[in-house]
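Reviewing the structure listed below.
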Amino acid sequence: MLVLTRKITEGITIGPNIRVIVLEIKGGQVRLGIEAPHAVPVHRDEVYARILEENQQAARTDAVTLPSFMQLQDLVKKKA
Amino acid sequence: MIIHSTRFGDIECPEEKILKIPSGIIGFPSSTRYLVLDHDRDVPFKWLQSLDQEELAFVIVDPVWFKPDYRVTIALDEIMELGRVDERDLVLFVILTIPSDDPSRMTANLRGPVIVNAGTRTAKQVILRDEFPTRAPVRHEAPMLQASAGHSISLVECHR
Numbered sequence: 001m002l003v004l005t006r007k008i009t010e011g012i013t014i015g016p017n018i019r020v021i022v023l024e025i026k027g028g029q030v031r032l033g034i035e036a037p038h039a040v041p042v043h044r045d046e047v048y049a050r051i052l053e054e055n056q057q058a059a060r061t062d063a064v065t066l067p068s069f070m071q072l073q074d075l076v077k078k079k080a
Numbered sequence: 081m082i083i084h085s086t087r088f089g090d091i092e093c094p095e096e097k098i099l100k101i102p103s104g105i106i107g108f109p110s111s112t113r114y115l116v117l118d119h120d121r122d123v124p125f126k127w128l129q130s131l132d133q134e135e136l137a138f139v140i141v142d143p144v145w146f147k148p149d150y151r152v153t154i155a156l157d158e159i160m161e162l163g164r165v166d167e168r169d170l171v172l173f174v175i176l177t178i179p180s181d182d183p184s185r186m187t188a189n190l191r192g193p194v195i196v197n198a199g200t201r202t203a204k205q206v207i208l209r210d211e212f213p214t215r216a217p218v219r220h221e222a223p224m225l226q227a228s229a230g231h232s233i234s235l236v237e238c239h240r
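Residue numbers (this note's numbering), protein chains in the order written: chain A, 1 to 80; chain B, 81 to 240.
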């Protein structure tokens with residue numbers, strides 16, 4: 001991993017069109033400003049990890065037969 | 081073409097029915113071609129079966145069915161890989177997690193919906209900025225009729 005030291009208002013440039021700037025450092029937290037093209041998804045690590053983990057859980061679903069799906073559907077309706 | 085699936089055996093899949101997901105479902109980048117398996121009976125659940133990994137399949141649902149007020153806003157740039165977008169062609173579904181030991185505890189991932197461009201048969205799983213849960217309990221909140229209400233996607237030119 002590349003490690004760089006930056007001060008407030010200083011930044012780093014990644015590739016031709018991504019910039020990360022340190023905006024504020026306060027009580028063990030760093031506020032970052034990120035300039036990137038909209039097509040580049042930027043997310044907090046934990047959000048991405050949560051989606052990934054949920055997809056992995058979802059992929060473990062066993063084959064559900066149509067009758068069970070219909071029961072599920074009824075069950076959901078009853079909960080309403 | 082015939083595709084093989086662990087859960088459903090061999091399935092006939094017309095080429096034109098293939099749904100391309102170029103970036104893959106998050107965590108499964110090597111599966112980029114899927115088939116949506118529909119039931120001949122009227123249930124809201126469908127299967128999203130990978131053509132590239134026979135054991136990979138997800139249960140999907142139109143969230144309007146249980147969450148009629150679910151609305152998402154997506155930047156056009158974010159779905160560039162879906163090709164030319166006509167807003168009327170955009171469809172959205174969410175992935176369900178159904179625990180084997182108690183299917184009634186199923187949840188829906190509302191934070192990471194899959195956006196489909198029906199025009200180009202291309203889709204992408206997006207991560208929303210809105211604080212939607214990844215494990216929303218699925219409870220029916222509206223009459224089934226509302227499921228056809230449709231347009232729950234707003235497109236914006238700019239997001240940041």
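Think of the CB as a built atom: it goes at the ideal place given N, C-alpha and C, for glycine as much as any other residue. A quick note: this is a predicted structure, and the numbers were derived from the prediction, not measured.
Q: Return yes when the Cβ of A39 (chain A) is within less than 8 Å of the Cβ of M186 (chain B), no when it is not.
A: Residue mapping note: residue 186 (chain B) aligns to position 106 of the second sequence, counting from 1. Residue mapping note: residue 39 (chain A) aligns to position 39 of the first sequence, counting from 1. In this structure, M186 (chain B) lies away from A39 (chain A), with their beta-carbon atoms at least 8 Å apart.
**Q.** the segment 148–160 of chain B in contact with the segment 120–132 of chain B per 3-pair CB rule at 8 Å
**A.** The answer is no - the segment 120–132 of chain B does not touch the segment 148–160 of chain B, with fewer than three Cβ pairs under 8 Å.
**Q.** CB contact flag (S103 (chain B), Q133 (chain B), <8 Å)
**A.** The count along the second sequence starts at 1 and reaches residue 103 (chain B) at position 23. The count along the second sequence starts at 1 and reaches residue 133 (chain B) at position 53. No, Cβ-Cβ distance for S103 (chain B) and Q133 (chain B) is not below 8 Å.
Q: Look at the alpha carbon of G28 (chain A) and the alpha carbon of M81 (chain B), and state the distance between them as a whole number of angstroms.
A: Translated into the one-based positions of the first sequence, residue 28 (chain A) becomes position 28. Translated into the one-based positions of the second sequence, residue 81 (chain B) becomes position 1. The alpha-carbon atoms of G28 (chain A) and M81 (chain B) are separated by roughly 57 Å.
Q. Starting from Q205 (chain B) and walking both ways along the alpha helix (DSSP H), at which residues does that stretch end?
A. Walking along the second sequence from the start, residue 205 (chain B) turns up at place 125. For Q205 (chain B), no alpha helix (DSSP H) segment is defined; the enclosing uninterrupted segment is the beta strand (DSSP E) at T202 to Q205.
(Q) Is the beta carbon of I8 (chain A) closer than 8 Å to that of V20 (chain A)? (A) Residue 20 (chain A) sits at position 20 when you count from the first residue of the first sequence. Residue 8 (chain A) sits at position 8 when you count from the first residue of the first sequence. At a Cβ-Cβ threshold of 8 Å, V20 (chain A) and I8 (chain A) do not count as neighbours.
Q) Should I83 (chain B) go down as buried or exposed, given a rule of 16 or more other Cβ atoms within 10 Å for buried? A) Locating residue 83 (chain B) in the second sequence gives position 3, counting from the first residue. The residue is buried, with at least 16 neighbouring Cβ atoms inside 10 Å.
Q.
Counting C-beta neighbours from all protein chains within 10 Å, is the total for T297 (chain B) 16 or more, i.e. buried, or is it exposed?
A. With chain B represented from 81 up to 240, any question about residue 297 (chain B) goes unanswered, as that position is not in the structure.
Q.
Give me, in chain order, the residues of the same chain whose beta-carbon lies closer than 8 Å to that of P223 (chain B); leave out the 5 immediate sequence neighbours on both sides.
A. Here residue 223 (chain B) corresponds to residue number 143 of the second sequence, with the count starting at 1. Residue placement at P223 (chain B) is poorly supported in this model, since its pLDDT is 49, which falls under 50; the coordinates are not used for a value here.
Q. Residues of chain A with CB under 9 Å from S110 (chain B), in chain order?
A. As a position in the second sequence, residue 110 (chain B) is number 30, starting the count at 1. Correct list: empty, because the minimum Cβ distance to chain A is about 13 Å.
Q | Classification of P41 (chain A) by the beta-carbon crowding that lies within 10 angstroms, buried from 16 upward | A | Along the first sequence, one-based indexing puts residue 41 (chain A) at 41. By the C-beta density criterion, P41 (chain A) is exposed, having fewer than 16 other C-beta atoms within 10 angstroms.
Q: Leaving out five residues on either side along the sequence, give the residues of the same chain with a beta carbon under 6 Å from the beta carbon of V196 (chain B).
A: For the purposes of this step, residue 196 (chain B) is taken as the residue at position 116 of the second sequence. Cβ within range, chain order: V171 and A203.
Q: Compare the Cα-Cα distances from D166 (chain B) to each of B:P217, B:G199 and B:R219 and report the closest residue.
A: Within the second sequence, numbered from 1, the residue matching residue 166 (chain B) stands at position 86. Measuring C-alpha to C-alpha distances from D166 (chain B) to each of B:P217, B:G199 and B:R219 identifies B:G199 as the nearest.
Q.
Relative to the C-alpha of E10 (chain A), which candidate in A:K26, A:L32 and A:M1 has its C-alpha closest?
A. Reading the first sequence from its first residue, position 10 is the one you call residue 10 (chain A). Looking at the Cα atoms, A:L32 is the closest of the given residues.
Q: State the DSSP-derived secondary structure class of R168 (chain B), mapped to helix, strand or coil.
A: Here the question's residue 168 (chain B) lines up with position 88 in the second sequence. Annotated three-state conformation of R168 (chain B) is helix, per DSSP.
Q. Would you say T61 (chain A) faces chain B, with C-beta separation under 8 Å as the test?
A. Along the first sequence, one-based indexing puts residue 61 (chain A) at 61. Put simply, the CB of T61 (chain A) is near chain B, with a gap under 8 Å to one of its CB atoms.
**Q.** Contact with chain A by N197 (chain B), beta-carbon distance below 8 Å
**A.** The sequence position of residue 197 (chain B) within the second sequence is 117, counting from 1. No - not a single Cβ of chain A is within 8 Å of the one on N197 (chain B).
Q: Verify whether the separation of the beta carbon atoms of P124 (chain B) and V141 (chain B) is less than 8 Å.
A: Mapped onto the second sequence, residue 124 (chain B) falls at position 44. Mapped onto the second sequence, residue 141 (chain B) falls at position 61. Yes.
Q. Roughly how many angstroms lie between the CA atoms of P16 (chain A) and I105 (chain B), to the nearest whole one?
A. To locate residue 16 (chain A), count along the first sequence from 1; it is residue 16. To locate residue 105 (chain B), count along the second sequence from 1; it is residue 25. Their backbone Cα atoms lie some 27 Å apart in a straight line.
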